[in-house]
Amino acid sequence: MTFEKEWAELRSAVARRNATQINGVPAEGGGGGAADLVVHRDDLGAIGNDAYELRTRLSKDGDHARPATFDAATALTNGNFASGAAVLKVHDRWQKHLKTLLDSCAHISNHLDYTKAQHAKDDAKIGGDLAAVSKLSEYMK
360 MTFEKEWAEL
370 RSAVARRNAT
380 QINGVPAEGG
390 GGGAADLVVH
400 RDDLGAIGND
410 AYELRTRLSK
420 DGDHARPATF
430 DAATALTNGN
440 FASGAAVLKV
450 HDRWQKHLKT
460 LLDSCAHISN
470 HLDYTKAQHA
480 KDDAKIGGDL
490 AAVSKLSEYM
500 K
């Protein structure tokens with residue numbers, strides 16, 4: 360096989376592979392097409408707001424048990440009851456899980472706020488770029 364033939368076959372194979380990647384989802388189920396790029400800012404804002412409200416309520420309502428369980432654990436331990444250590448363990452685990460939930464809600468809210476703001480910036484930039492292109496199109500007529 361000559362170099363020119365081999366080179367032409369390789370270029371052809373690459374062109375077919377690139378056309379497949381651009382025009383659809385790869386066979387192994389990776390990346391997506393245009394549907395992956397759809398963002399509804401109202402949806403992001405609503406979910407972020409829900410996460411923020413949940414975090415606010417959790418931080419207030421989730422803390423009701425803390426002082427009572429700590430006081431109970433202290434009283435039981437001071438009264439030489441073995442269950443005092445178990446109640447303290449429940450108190451500590453509750454605090455750990457509550458903090459994890461609060462951090463998760465904050466992370467979701469912050470991430471969605473950031474995403475919403477970033478998409479707005481991207482839209483503005485793209486809109487500016489498109490305006491420049493349309494201005495050039497006017498000159499080309």
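In this note's numbering, the protein residues as written are 360 to 500.
Each residue gets a CB set at the ideal place from its N, CA and C atoms; glycine is no exception.
What's the C-alpha gap between residue 476 and residue 469?
-> In the sequence shown, counting from the first residue as 1, residue 476 sits at position 117. In the sequence shown, counting from the first residue as 1, residue 469 sits at position 110. Within the model, the alpha-carbon separation for residue 476 versus residue 469 is close to 11 Å.
Which of the three DSSP states, helix, strand or coil, is assigned to residue 567?
-> Look at the range of the chain in this structure, 360 to 500, and you will see that residue 567 is not part of it.
On a CA-only basis, which of 375, 364, 457 and 361 is nearest residue 423? Give me that one, please.
-> Locating residue 423 in the sequence shown gives position 64, counting from the first residue. The alpha carbon of residue 423 has as its nearest neighbour, out of 375, 364, 457 and 361, the alpha carbon of 457.
Cβ neighbours of residue 418 in the same chain (closer than 7 Å, five flanking residues each side left out) = Counting from 1 along the sequence shown, the entry for residue 418 is found at position 59. Once the five neighbours on either side are set aside, the close Cβ partners of residue 418 are 461.
Under three-state DSSP, which class holds residue 362?
-> For the purposes of this step, residue 362 is taken as the residue at position 3 of the sequence shown. Helix, per DSSP.
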